[in-house]
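Contents: one structure, followed by commentary.
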Amino acid sequence: MSAIANSIFSPETAARFDKLVTLYPVKRSALIPMLLYAQDEVGYVSDAVVHEIAARLDLFDLDVRGVLSYYSMLRTKPAGKYNVQVCTNISCMLRGGYEILDHCKAKLGIGHKEVTADKLFSLEEVECIGACCWAPAMQVNYDFHENLTTVKVDEILADYAAGRGKDVK
Amino acid sequence: MPTLVSHPDEVKIISRRFGAGAADIEKYLELDGYKAVQKAIESGPEWVINEMKASGLRGRGGAGFPTGMKWSFVPKVSEKPKYVLVNGDESEPGTCKDHVIFLHDPHAVIEGTMIAGLAIGAKMGFIYLRGEYRYLLKVVEKAVADAYAKGFLGKNIFGKEGVDFDIVTQTGAGAYEVGEESALMESLEGKRGVPRIKPPFPAVVGLYGGPTVINNAETIASAPHILLMGGAEYAKVGSERNGGTRLFGISGHVERPGVYELPMGYNLKKAIYEVAGGVKGGRKLKAVVPGGSSCPVLKADELDVGLDFDQMGKAGTMLGSGGIVVLDETVSIVEFALRTIKFYQHESCGWCIPCREGTDWLKKTLTRFYNGYGNKKDINNIQYLAENMMGRTFCPLGDAAAMPTLGFIKKFREEFEEYLEGHRTEKALITTEELIGAAH
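One line per chain: the protein sequences are A and B, in this order. Under the working numbering, the first residue of the first sequence is numbered 1, with each subsequent residue one higher. Under the working numbering, the first residue of the second sequence is numbered 1, with each subsequent residue one higher.
Structure representation (structure tokens):
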């Protein structure tokens, strides 16, 4: 068991963190996985998350913030329950990635890195997500959706809005 | 879920278990799984390295360094523990081959990691996936847990006294730069993913200061197949000095995009027109980016070339990561060049000035040019900027941004010049707010 008092995470996540630090030859190696799991649970990397993870890894808050600011998937503000990430990089661009992004903007009524008023969806234009051969593609949380058309996007968003979408975390 | 494709010209070695349910350990065992690693334990490290050398396998991440040789560089005796690090941080635009391996054959990556570990004398391996592949991490984590449950990982593996091997899996959190081997080590150590100065090379001073072998996921997943079929037999499948097959991701304007396994040296034109079904909608082909977005572009009349490291080099481009991106006649090269450089500017870690400033100025100049406010001097300036980035950075990201830019200017200068004639875009690819950093 960790000597750090668990204040913000669920017992499952706290137990996962206790295990994570034992896996690596150096404790600090668990930092990026911990930030991701914390974000999955809290919704974003809050000041409290930074502070507790720093304590768990014997780091300064600043060490954690230095890493946090480097990686594009880590965020310091809440996203929507479903974070829609549309790829517009070259393979997706060639097969209509920008049309998909514009369609999402219009459908959700929000722009890049914005959140809908009901906090259900957020939208991001992202760089290559490694689905080039199934372009255009997007991710909702960590679930991939490929070979998109605007009709397919409507169906996917409707599924999430109705609670039928896969919520991969 | 990515759709699997196939074509009669494929030689299915690494992909032979795709679609067969081999993520399940029982199915993997049915399909010769974990036989190669047991053979490696019985035959010893020297045999493994010799087979890998005989196979002619060259790194599938992009650089194409001979794998057997890389493994042999690791010192036999080391005070510090040795490690195997699998680079699954697949982030090069146009590339999605490792995605399919992790999804359909995760045990091949695990078995390959164990083989590399036995070859160099490491007792621990790491499989590092890109952050966006969190759903694949679950697949790989389950496979690792199943291997532990069977006694294939941990202490005294396969019941052999003193033969220990552990594997830890994790993802990054979104950074193309982390695909560079030394940046990957920094990231795994819980730091910002910026490159280290070389030498020392990872084979001598790598992860946690110990000797480390870093290989691309496809390279590692090839190892069990090579040991089962024999290095010499594997080499026969490919072309001269380029052993075996490789997974090519063909995307963009083709009828049947997908990941295909073709022998090294397979003709690029044939790969596009026959394997991937030709240009989408019967339109004319304009250009091809042959090995991921960092590779210099080829024009439609330059495609009669073999897909291997040497032939692509002779053709003035690179095989890279095997991500073939096909552009039809409707594509504006100016727009494509801008989208390419936007990526590299976004992903530059900022560690060295030629890359940080170079990619930024390239993006600014190309944006202005694309939006219709360019002038003739810009074309030479873009070339000058790119030329001055080449070879001047710690890691190859600077080159990766400069090489395609130079290719676009060299091969399509006329199109850039024509673009100046009163061209104005209806819609900016990059807004002024984004450009000056006022957007998020």
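From the three backbone atoms N, C-alpha and C, an ideal C-beta is built for every residue, glycine too.
Beta-bridge pairing by DSSP links residue 106 (chain A) to no other residue.
The beta carbon of residue 192 (chain B) sits closer than 8 Å to some beta carbon of chain A.
Looking at the DSSP output, residue 299 (chain B) shares a beta bridge with B:287. Collapsing the DSSP output to three states places residue 239 (chain B) in a strand.
Of the residues A:56, A:107, A:28, A:48, the one whose Cα lies closest to the Cα of residue 15 (chain A) is A:56.
DSSP links residue 168 (chain B) through a beta bridge to B:126. Beta-bridge pairing by DSSP links residue 88 (chain B) to B:129. Near chain A, meaning a CB-to-CB distance below 7 Å, the residues of the region 88 to 100 of chain B are 90, 91, 93, 94, 95, 96, 99. Here residue 416 (chain B) carries a helix assignment [DSSP, helix/strand/coil]. Taking C-alpha positions only, residue 17 (chain B) is separated from residue 28 (chain B) by approximately 8 Å.
Against chain A, a Cβ distance below 8 Å from residue 175 (chain B) picks out 70, 71, 72. Residue 26 (chain A) sits exposed, since fewer than 16 C-beta atoms from the chains shown fall within 10 Å of its C-beta. Per DSSP, residue 138 (chain A) is one residue of the beta strand (DSSP E) stretching across 138 to 140. For residue 143 (chain A), there is no enclosing alpha helix (DSSP H); the residue is found in the beta strand (DSSP E) stretching over 143 to 145. Contact between residue 14 (chain B) and residue 71 (chain B) does not hold, since the beta-carbon distance rounds to 18 Å and is not under 8 Å. The CB of residue 130 (chain B) comes closer than 7 Å to the CB of 130 in chain A, given here in chain order.
Less than 8 Å divides the Cβ of residue 45 (chain A) from the Cβ of residue 74 (chain A). When secondary structure is reduced to three states using DSSP, residue 391 (chain B) falls in the coil class, being assigned neither helix nor strand. Among the residues of the region 42 to 54 of chain A, none has a Cβ less than 8 Å away from any Cβ of chain B. A distance below 8 Å between beta-carbons, with the five flanking residues on each side excluded, links residue 192 (chain B) to the following residues of its chain, in chain order: 186, 349. For residue 115 (chain A) and residue 122 (chain B), the gap between their C-alpha atoms comes out near 47 Å. What residue 142 (chain A) touches in chain B, judged by beta-carbon distance under 7 Å, is 134, 135, going in chain order. DSSP places residue 189 (chain B) outside both helix and strand once states are collapsed to three, so it counts as coil. Residue contact check for residue 208 (chain B) against chain A: a CB pair falls below 8 Å. Counted as a single uninterrupted DSSP element, the stretch harbouring residue 17 (chain A) is not any beta strand (DSSP E) but the alpha helix (DSSP H) occupying residues 11 to 23.
At least one CB of chain A lies nearer than 8 Å to the CB of residue 3 (chain B). Taking a beta-carbon distance threshold of 8 Å, residue 293 (chain B) counts as an interface residue toward chain A. Under the DSSP assignment, residue 358 (chain B) falls outside any beta strand (DSSP E), being part of the alpha helix (DSSP H) whose first and last residues are 353 to 368.
Restricting attention to B:202, B:343, B:217, the CA atom closest to the CA of residue 210 (chain B) is found in B:202. Residue 276 (chain B) is not a Cβ neighbour of residue 298 (chain B), given a cutoff of 8 Å. Every beta strand (DSSP E) of 3 residues or more that sits fully in the region 51 to 97 of chain B is shown, in chain order, as 83 to 88. Below 8 Å, enough C-beta pairs join the region 166 to 177 of chain B and the region 127 to 142 of chain B to call them touching: three or more. With a cut-off of 8 Å on Cβ pairs, the region 70 to 89 of chain B is not in contact with the region 148 to 164 of chain B, counting fewer than three such pairs. Listed as beta-bridge partners of residue 110 (chain B) by DSSP are no residues whatsoever.
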